[in-house]
Amino acid sequence: MNTIGNVTGIIANLVIVETEGTTAQNEICFIKQDNTRLMAEVIKVVGNKSYIQVFESTRGLKVGAEVEFMGHMLEVTLGPGILSKNFDGLQNDLNKMEGIFLKKGEYTEPLDMDQEYEFKALAKKGDKVVAGSWLGEVKENWIPHKIMVPFTFKGTYTIKSLKGDGAYTPKETIAVLTDNEGKEHKVTMVQKWPVKVPIRAYKDKPRPFRILETGIRVMDTLNPMAEGGTGFIPGPFGSGKTVLQHNLSKNAEADLVVIAACGERANEVVEIFTEFPELDDPRSGRKLMERTTIIANTSNMPVAAREASVYTAMTIAEYYRAMGLKVLLLADSTSRWAQALREMSNRLEELPGPDGFPMDLAAIIANFYARAGFVYLPNGGSGSITFIGTVSPAGGNLKEPVTESTKKVARCFYALSQDRADSKRYPAIDPIDSYSKYLEYPEIAEYLNKNVAENWTDSVFKAKDILLRGKEAYEQINILGDDGVPIDYHIRYWKSELIDFVILQQDAFDNIDASSSFERQNYMLQKTLEVTDMTFHFDSFEEVNPYFKRIINALKQMNYSEFDSDKFRNNEQELKKILKEQETRNTGEKEESAVEAQS
Amino acid sequence: MEKDTKAFQRVYTKLFQLTKATVSLYARGIGNEELAIVDGRLAQVVKIIGDLVTLQIFGGTEGIATNAEVIFAGKAPTIKVGDDLAGRFFDAYGDPIEGAEIMGQEKEIGGPSVNPVRRKQPSEYIPTGIAGIDLNNALVTGQKIPFFADPDQPYNQVMAMVALRAKADKIILAGMGLTRDDYLYFKNVFDNAGALDRIVGFINTTEDPPVERLLVPDMALAAAEYFAVEKNEKVLVLLTDMTLYSDALSIVSNRMDQIPSKDSMPGSLYSDLARLYEKAVQFPDGGSITIIAVTTLSGGDITHAVPDNTGYITEGQLFLRKDSDIGKVIIDPFRSLSRLKQLVIGKKTREDHPQVMNAAVRLYADAANARTKQENGFDLTDYDERSLEFAKEYSEKLLAIDVNIETDEMLETAYGLFDKHFQPEEVGIRQEFVEKYWKKQ
Ligand SMILES: Nc1ncnc2c1ncn2[C@@H]1O[C@H](COP(=O)(O)OP(=O)(O)OP(=O)(O)O)[C@@H](O)[C@H]1O
Ligand SMILES: [Mg+2]
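Chains as they are written, first to last, in the numbering used here: chain A, 1 to 599; chain B, 1001 to 1441.
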């Protein structure tokens, strides 16, 4: 028998329920309002009063309304059919909803329970299995979707029976498992899991040791993301967080992409709905939508479901990771999730922490990021969740609780700079402030030097050094004036500008430039470093700027051309010609005092 | 809005508590967000604890006595919508400011959101003739974008101009804390342009109680939804001034003892504003709601909670600034942004539009650097001099708000300026565009 209670108080989406029965923290309940049932979650219990956050508008709700507690936490349904769906934060299939407007209390089935899937057994009768063991697989789009022993199963089980190859619906029993006590358990293709609990059906979680190629130069080359790694993108509004995340979802080398659109604009989600079914996955050639799942809780959707949405997305990612897939999880924006927590905490009249956020904000964020990672599965295979969240700091000021809490846990920091965005230097990732801790991992360095190019990391640090020295030179020029500094300062500055324009800046809206393979990135970095290695001679500082602009132009035209195409090579020839001018100058004007560029 | 008392409505005459914006009383069977009339003033339920119901009084509580009459309406706020709305001006409650009551169906305000999968991606370009908008920050139907402007800037004039040139089927003006002069100004321009029959106004002026403003955008957007959904019309909603709207939000939340967030705004400001702005939408059947708003700044400070939260919600912003060099108000290319522009520029406009736009802004940034140098007393290079000359002309011929030309002409003007001041390598536009469009000059 489920616990029943009655509403005794309503403050926006916080509702107080009195009940005689048992209720549990995070338990799901439904409020009866007229002919609808509004879903809610218990967030605090005091005596016989349960405080619940309602995942819907409470307009028209009255004191006395009946509430039924369901005896379980917020769960998602895991099984074939999740892929390429558009869910809301509570995993309702948005496409199954009727009408233009979202209707209060309308909940839809996340999976297509009547669809048949072609099943192929991967285990056999008598096998010993544990939670997460693969029993069989079905084709979901192009993915071999594993049917696993439910994650809720504890201990070892023996397969008593298993369906042979054939077509079944998600509802049908696929296997019967016996536990140690001889009790039988039926398993279907579908299982449920509470979103706020991490799925731990893996053997080991080593620290990341491989790179996840993203196609974005300023990330891959300068501050690479590891497969199974974590990172975050803080930046003021309009600095390019969403464009960067969309670009990652299009180009990163992942098997699957789960996007949590958390409290942001509906039009941005529509962009994905519209474009992804048309766009090709650059690696597999399939449509991008086939590898993408969207959890949409846009800013005009109920606030409480916003918090749920990131957990729903994470749980789905964990499910696919257990199948041995490389999952990329993106959340835009984690600040909206934190704000949802703040709104609730304020309504509960809890003692506020910094900026009114709940005291345990840092712990909540840390626990969430900790769910990402590279794992070894029970069968020896591996899977990963790489997680990248955006942060929207109030006033663009990074000294605020969400940024600071995230910085403690995320290993990559991609700070978007207002100045860079204002001068349209996209992606506006600040090359100096940003970092990837993975670059310091010896196993990652080894991986890069083996897989990208020999001495790759040396080149990367060299480029970083040039950027830093360029910045210093620029500051000096600004203080002392153009002719108050040696010409060398100008050269140093323009060498850093060269790296900025050719490597850092990348046009997300250009078909060719939008994504760059490691092979190409290596080529361009070496080309650029060849230039910065050169010694330049100029008669006056006024010659430096126009000359470097010509170099930059040639290299940029290379970025805009198909790799290794005729156009690409022609621009490379053009670059050679420009550089030749300096050589003749070097030999022609021997007596002139040479300006050491790298001094 | 309905105000007449009906048989089933319950009447109470004993208030338990009074604050500047709210009253509380013991009552049963009351729904959250239900409307009531307290001493003849419109009010809405904001909190219920047991039998104690708290109401927010839109007109303020001055003079309300503890024995005031409270009549509950049994429903959330509504508006009457119909074709009759066209050409009329209403107060914050949806009652005509002058003239006869209107006929129409009753529609709840602040209603549910559009299912994101039922939206269509905005793709229709809205040319305005103003190059600071069209060239650098092109607008698209279904977009939501505010002007960021200091109070002394002519934002309402620019907005009226944009509205009239936008070719909308309906223009819905939501005035919050509008001065009477500006209200009359809007009426006049629309009248002179012969556009009055396309206009609907919901007006709260500085003479009206500030909390009433809270109803205005919901009224306007409910009306907009009617025309966009039922009539498949292209609707343009003008929200002015959202900073004054937010001030009203803070008055109410502070009086309800909520913990204020940054700049004494409520912690829910982001959600409160997003709820309104997200009504902007493109429907598959051709109807659309485009929102152009005004957020006044104090001293150009965009880190204040209102512009800051707005920037995080809207699809860009148009930043008005006085350029003292040319003595005109311009649309600042650095701080302005239209995030939907890439859906139309180079697609609905000429292919080289994005490159020309970026190149010009980059050169303008070079000029800004040169100016800093100049101000610090350093010598300028030849390039600096040229970029400064370019910047001045760019500002005058393209950024100023009094520009009114076709989009292609904006591109030609830009090439003209490039050609006058720079070499192609310095501008950095794709080779093929240089050959195709620049060389033509
Ligand atoms: N890589 C890029 N290339 C070209 N333009 C870009 C790039 N990144 C961002 N932009 C421009 O900046 C605009 C804003 O970017 P975006 O929407 O990603 O900002 P944001 O940081 O997500 O802002 P918010 O916090 O308000 O959501 C885009 O609409 C686009 O015009
Ligand atoms: Mg964004």
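Ideal Cβ placement from N, Cα and C applies to all residues, glycine included.
7 angstroms CB neighbourhood of A:Ile466 in its chain, flanking five on each side removed: Lys495, Ser496, Ile499, Thr532
Beta carbon shell of ligand 2 at less than 6 angstroms from a heavy atom: A:Lys241, A:Thr242, A:Glu264, A:Asp332
A:Thr77 and A:Gly228 closer than 8 angstroms at C-beta: no
Buried/exposed call for B:His1421, threshold 16 Cβ in 10 Å: buried
Spatial distance of B:Met1103 from B:Asp1095 (CA atoms): 11 angstroms
Environment of A:Arg411 [buried if 16+ CB atoms lie within 10 Å]: buried
Ligand 1 heavy atom lying under 7 angstroms from the CB of B:Leu984: Missing from the structure shown is residue 984 of chain B; chain B here goes from 1001 to 1441 and no further.
Cutoff 8 angstroms: B:Gly1099 Cβ touching any chain A Cβ: no
Check: B:Asp1352 C-beta below 7 angstroms from any heavy atom of ligand 1: no
A:Asp204 vs A:Tyr369 beta-carbon contact at 8 angstroms: no
Identity of the residues DSSP links to B:Gln1044 by a beta bridge: B:Leu1035, B:Gln1056
Beta-carbon gap between A:Gly324 and A:Gly383 smaller than 8 angstroms: yes
Cβ-Cβ separation, A:Ile365 to A:Val409 (assumed contact under 8 angstroms), whole Å: 6 angstroms
is_contact[A:Ile11, chain B] using C-beta, thresh 8 angstroms: yes
Check: A:Tyr426 C-beta below 7 angstroms from any heavy atom of ligand 1: yes
B:Gln1342 Cβ short of 7 angstroms to ligand 1 heavy atom set: yes
Chain B residues whose Cβ lies nearer than 7 angstroms to that of A:Asp482: Phe1378, Asp1379, Thr1381
Min CB distance A:Ile100 to chain B below 8 angstroms: yes
Cβ of A:Thr274 within 8 angstroms of any chain B Cβ: yes
Straight-line Cα distance separating A:Thr292 from A:Glu68: 35 angstroms
Residues of the region 1315 to 1346 of chain B with Cβ closer than 8 angstroms to any Cβ of chain A, in chain order: Glu1315, Gly1316, Gln1317, Phe1334, Arg1335, Leu1337, Arg1339, Leu1340, Gln1342
Residue range of the beta strand (DSSP E) that includes B:Arg1321: 1316 to 1323
Straight-line Cα distance separating A:Leu74 from B:Leu1025: 36 angstroms
Residues near B:Gln1317 by beta carbon distance below 7 angstroms, same chain, minus five either side: Ile1145, Pro1146, Phe1148, Gly1311, Ser1336, Leu1337
Residues, ordered as in the chain, of the region 424 to 439 of chain A that lie near chain B by beta-carbon distance below 8 angstroms: Lys424
Whole-angstrom distance between B:Ala1073 and B:Leu1035, CA atom to CA atom: 5 angstroms
Residue(s) in a DSSP beta bridge with A:Trp134: A:Met148
CA nearest to the CA of B:Thr1322, picked from B:Gln1153, B:Lys1014, B:Ile1037: What sits at residue 1322 of chain B in the sequence shown is Lys, not Thr. Ranking the options by Cα distance to B:Lys1322, first place goes to B:Gln1153.
Identity of the residue in A:Lys183, A:Ser333, A:Ser345 nearest A:Pro236 by Cα: A:Ser333
Cα-Cα separation, B:Asp1332 to A:Leu38: 47 angstroms
Where B:Arg1071 falls, given that 16 or more other Cβ within 10 Å makes a residue buried: Contrary to the premise, residue 1071 of chain B reads as Ile rather than Arg in this sequence. By the neighbour-count rule (16 or more Cβ atoms within 10 Å), B:Ile1071 is buried.
Residues that DSSP places opposite A:Ala7 in a beta bridge: For clarity, residue 7 of chain A is Val in the given sequence; the question names Ala instead. Looking at the DSSP assignment, A:Val7 forms a beta bridge with A:Val17.
Contacts that A:Arg371 makes with chain B (C-beta to C-beta distance below 8 angstroms): Under the 8 angstroms cutoff, chain B gives no residues; its nearest Cβ is about 26 angstroms from A:Arg371.
Proximity of B:Ile1171 and B:Leu1215 at Cβ, strictly below 8 angstroms: no
Chain B contacts from the region 38 to 66 of chain A (Cβ-Cβ distance under 7 angstroms): Thr58, Arg59, Gly60, Leu61, Lys62, Val63
Among A:Thr178, A:Lys192, A:Leu504, nearest to A:Asn223 - alpha-carbon criterion: A:Leu504
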